[in-house]
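Below you'll find the structure, written out as structure tokens, and then a few comments.
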Amino acid sequence: MRKWRLVPIWAVIAAVASCSRVVGGTALPLAAPPTSDGGVQLGRIMLGTARMRAILGADEQLSIIPTMDSGSPTDIDDLAATVPPPCHFIFADTEVFGSATTHFHKTTYQYPPQAAMISEGAAVYPDADASHHAFDALLAAVAGCADTAAGPGLVGEWAGDEQSLHTSAGACGRAYQLKSVVLLEVTYCGFSPSDSDLVLTNLAANVPG
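Numbering-wise, the sequence shown is residues -24 to -1, 1 to 185 according to mature numbering (1 follows the signal peptide of the UniProt record, and there is no 0).
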């Protein structure tokens, strides 16, 4: 039986996001302008730096990590391989959002004064059935991860229903909301769950329907 070497999730995410130091450079735009799908436009859902600063009460030191502003789901295979299979979603966007997305955008921000990071993400699906299927699969993955030996450090306390999901492990957590054909995600380390909920609420307010 393989033994998993448990690393606190806050430490891993902090290392990946480099949230304890400033990452220089310029955030790259999407390869193509945001497009609509069923009336949903990602460009109108994502909050952007100015609004994130206002929501979080942060100054100009809250900035996008240039290497973590993506128009497609990203998997960190090397890190996913270090955790039990049900927990791969922690390091693999494709495990979170599935393969049926029509549009996707995820941006991660760093805030050095708090050695903190927070991300906003949105995935658009062709129809409500596809978005519900992705969310149901995510709920199952979180439940499965929670039942593993790594669960307390990776998922911690969690709660979910038909349209929302929250996890909290130490200084880090995740929040998801399903609205129409869109699955929204906020991940964070060093910020509070209430900060995460504010970001998620503002994202959801931008989703039509």
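Each residue gets a CB set at the ideal place from its N, CA and C atoms; glycine is no exception.
Should Q37 go down as buried or exposed, given a rule of 16 or more other Cβ atoms within 10 Å for buried? exposed
Go through its chain and collect everything with a Cβ distance to E133's Cβ below 6 Å, but skip five positions before and after it. S144
How many Å lie between L32 and A147 at the Cα? 16 Å
Terminal residues of the continuous alpha helix (DSSP H) containing G120? A104 to A122
Since G92 is in the beta strand (DSSP E), which residue starts that stretch and which ends it? Rather than Gly, the amino acid found at residue 92 in this sequence is Ala. Residues A92 to V100.
C-beta atoms of residue 191 and A98 nearer than 7 Å: Here the chain comprises residues numbered -24 to 185, so residue 191 is not present and cannot be evaluated.
Are the Cβ atoms of T70 and D53 separated by less than 7 Å? no
I need the straight-line Cα distance from Q153 to G74, nearest angstrom please. The straight-line gap from Cα to Cα measures roughly 15 Å.
How big is the Cα-Cα spacing for A34 and A91? 13 Å
Which runs of the beta strand (DSSP E) at least 3 residues long sit entirely within the region 138 to 181? Give them in chain order. 140 to 145, 148 to 155 and 158 to 165
Quick check: what's the CA-CA separation for G1 versus L23? Annotation note: pLDDT 42 at G1 (below 50); position unreliable, no value reported.
Rounding to the nearest angstrom, what Cα-Cα distance links L4 and V162 in this structure? Reliability of the predicted coordinates at L4 is poor, the pLDDT of 38 falling under 50, and no value is obtained from them.
Can you look up P42 in the DSSP assignment and give me helix, strand or coil? strand
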